[in-house]
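Residue numbers (full-length UniProt numbering), protein chains in the order written: chain A, 1 to 313; chain B, 1 to 336.
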């Protein structure tokens, strides 16, 4: 019996239930309810710590220090933000992180394209050797000290280059880019460009790159977020506080609990320690904000990037 | 040094992108050897060969020279003479490390923490993905996905900062909650027994949503006909999850488990180091943090490199072993 005739019959006999096939068995509906509740719990578990931090950051120092704040600001106040945004260490860190993110992204994307595009061409002799060489570095590395020695020998210690160059290319990003080039640039375009007498670099610049904007965006964001979030290279390679990225400033203030220079000269009304306390919450919010603001726009692309590896399991 | 980049691989893609063997082109009797092939490729792509020099140099300088520098593990490193000029000492550094009273503790801490992490963070993304797969497309589903995925983009420093503030003994959220049910305040970070749980569960908080994406992709790849025929046979949703979905994502799960175990020794050193304090050191000192301290803070380069090399070799051996076992048992592995 086709769906159409079933429909007609039902219209003729109004007493029968509207549809037989759509209704799920009872156990299935219970399962959906159980799953929904579980997902709601997961959602809360992920969200509540964040809400807690944000609520604290908008509360008065006194309320924070006495532990009154849970998920809603108590004694709404912007003192913490005022303090964070006028703190010279934080501002310097922000500035440095911006430099690292922008410069690092430019360097990284350029180098990644420069290696991934040739490797995506079937006629590029030696590409399997190079690819194997790259993949091997994912499995085995010389380690912290041998890498440090190289950076030292190159005279990069305690310079901005130490954060930009040694971590410039990610093998995973090369794989994503190579896969993209191999699948999205039709060979016909290449043939046509060659017939028209274009050079390879000209083709890369005027045809491939304009067609690869989504890829370039994903690579740029991956590298930018990586630079913005990284702290360990700075810890190892930098000594000069003026070069510290934001994450190091954050670590010094929150984790090592070093009181900031600025929190000393607050007006008499406020206890410096209370202020230092609330400052931590605002600092977390301020430093994560750039990433979390762009995150919803890029989540989809990141998901695609992850899936490149997932499809063939 | 283990830096986790956003979007870093959950599964490594090491198969060639064009696996189909190319049909022999041209007239059959002209045998084209590799040398001619290389010359042809150079004539056609010489600009690209120039382009690739810089990135290849990057890998040589920052990945392969460090591997050769690791030779200082077998030397008594002297800054003036450099890695190759320094005098050989054979396995002395390794022997010293193995006879060090710290050795047992380091090994135990590293393994316990790593196994705990793999065990805790393996099943949860699968559950999350299956749950998400069972509910209809809508705002709720979208927000669960978007929000559970978000912590992955928060930096390690911020996650550790949040952990410290939330677990703070006097005013933290955790102790507020415990206070409600009448439990006295606990100094979680000051007690070595809590360290592993804090490390593992904060990691689960951060990565579960991200890891679920890969299983969602695998679930989407399951042939709908399987579900249809199971429905025809009267299977309930739960039965379909058990008999269709789970077997469907098994290959992916195996690969992820292999990678997880294969990365045992490379666990998030950055985070361990941040969570460490003198009070929890007895359980939180792992091989990688020890390398950092002896190597850079105490400037014992040879010893630290020996320890790091030991770590890398054990790690690689584990990866190969687990991959071998997984291939034997399930037919799925990372390569081959």
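Built from N, CA and C at the ideal position, the CB exists for glycine as well.
Local Cβ density within 10 Å of residue 134 (chain B), reported as buried at 16 or more and exposed below that: buried
Start and end residues, alpha helix (DSSP H) containing residue 73 (chain B): Per DSSP, residue 73 (chain B) belongs to no alpha helix (DSSP H) and is neither H nor E.
Residue 38 (chain A) at chain B interface by Cβ criterion, 8 Å: yes
Beta carbon of residue 112 (chain A) nearer than 8 Å to that of residue 217 (chain A): no
Of the residues A:165, A:61, A:295 and A:254, the one placed nearest residue 54 (chain B), counting alpha carbons only: A:165
Residue from A:193, A:65, A:69 and A:29 with nearest C-alpha to residue 54 (chain A): A:69
Three-pair Cβ contact test at 8 Å for the region 171 to 189 of chain B versus the region 91 to 109 of chain B: no
Where the region 68 to 96 of chain A meets chain B: residues whose CB sits under 7 Å from a CB there: 70
Other residues of its chain near residue 141 (chain B): CB distance less than 8 Å, five sequence neighbours each side excluded: 132 and 135
Residues bridged to residue 88 (chain B) (per DSSP): B:75
Under 8 Å between C-beta atoms of residue 280 (chain A) and residue 279 (chain B): no
Bounding residues of the alpha helix (DSSP H) (the contiguous stretch that carries residue 153 (chain A)): 144 to 153
Proximity to residue 329 (chain B) [Cα-Cα], best of B:227, B:254, B:161 and B:109: B:254
CB contact flag (residue 125 (chain A), residue 118 (chain A), <8 Å): no
CB of residue 84 (chain A) within 8 Å of CB of residue 286 (chain A), strictly: yes
Beta carbon proximity, residue 187 (chain A) to chain B, threshold 8 Å: no
From B:159, B:147 and B:313, residue whose alpha carbon lies closest to that of residue 271 (chain B): B:159
Residue-level contact to chain A via CB, residue 236 (chain B), 8 Å cutoff: yes
Nearest residue (CA-CA) to residue 46 (chain A), options B:152, B:194 and B:314: B:152
Proximal residues to residue 303 (chain B) (C-beta, below 8 Å), its chain only, five neighbours per side dropped: 93, 96, 97, 294 and 295
CB contact below 8 Å: residue 240 (chain A) versus chain B: no
Candidates B:49, B:198 and B:146, of which the one nearest residue 128 (chain B) by Cα: B:146
Proximity below 8 Å, CB of residue 169 (chain A) to CB of residue 274 (chain B): no
Exposed unless 16 or more other CB atoms sit within 10 angstroms - verdict on residue 91 (chain B): exposed
Cutoff 8 Å: residue 229 (chain A) Cβ touching any chain B Cβ: yes
Separation of residue 150 (chain B) from residue 297 (chain A), as counted between CA atoms: 12 Å
Minimum length 4: unbroken alpha helix (DSSP H) runs contained in the region 91 to 168 of chain A: 127 to 139, 144 to 153 and 161 to 164
Any C-beta of chain B under 8 Å from that of residue 130 (chain A): yes
Enclosing alpha helix (DSSP H) for residue 68 (chain A) [first to last residue]: Careful: residue 68 (chain A) lies outside any alpha helix (DSSP H) and carries neither H nor E.
Cross-chain neighbours of residue 251 (chain A) in chain B, by beta carbon under 9 Å: 157, 160, 161 and 274
Alpha-carbon to alpha-carbon, residue 277 (chain B) and residue 190 (chain B): 8 Å
CB of residue 156 (chain B) within 8 Å of CB of residue 231 (chain A), strictly: yes
DSSP three-state assignment for residue 277 (chain B), whether helix, strand or coil: coil
Contact between the region 204 to 219 of chain A and the region 79 to 99 of chain A (3+ Cβ pairs under 8 Å): no
Per-residue burial, residue 200 (chain A) [other beta carbons within 10 Å of its own, 16 or more giving buried]: buried
Contacting residues, own chain, Cβ-Cβ under 7 Å from residue 266 (chain A) (five flanking each side not counted): Note on residue 266 (chain A): pLDDT 46, under 50, position unreliable in the model; no value is reported.
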